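K.L.:
Numbering (this note's numbering), first residue to last: 144 to 219.
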């Protein structure tokens with residue numbers, strides 16, 4: 144029997160009042176959104192997760208992995 148609101152048989156349309164968004168057990172530590180099936184992600188040594196697309200460039204990756212970017216000076 145189809146849904147009385149969205150008239151779909153298998154699942155509800157995202158605009159349907161009965162629609163339930165998918166649940167996620169892991170969340171991105173950068174954007175705080177859920178990481179869902181089929182999405183690429185990375186995990187660091189302390190168990191934090193991040194969407195691969197949230198890591199914009201090398202500095203983001205270094206920060207996420209817990210490394211420090213240093214600047215060389217004469218004393219080093």
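Glycine included, each C-beta is placed from N, C-alpha and C at the ideal position. This one's a predicted model, so the numbers in the text were calculated from it and none came from an experiment.
Whole angstroms are fine: how far does the CA of residue 176 sit from the CA of residue 187?
P.N.:
17 Å
K.L.:
Rounded to whole angstroms, what is the Cα-Cα separation between residue 209 and residue 168?
P.N.:
23 Å
K.L.:
Between the Cα of residue 171 and the Cα atoms of 212, 198, 162, which residue gives the shortest distance?
P.N.:
Among 212, 198, 162, the Cα nearest to that of residue 171 belongs to 198.
K.L.:
For residue 203 and residue 173, I'd like the C-alpha separation in whole angstroms.
P.N.:
9 Å
K.L.:
Buried or exposed: where does residue 152 fall if 16 or more other Cβ atoms within 10 Å of its Cβ makes it buried?
P.N.:
exposed
K.L.:
What separation, rounded to the nearest whole angstrom, lies between the Cα atoms of residue 217 and residue 190?
P.N.:
37 Å
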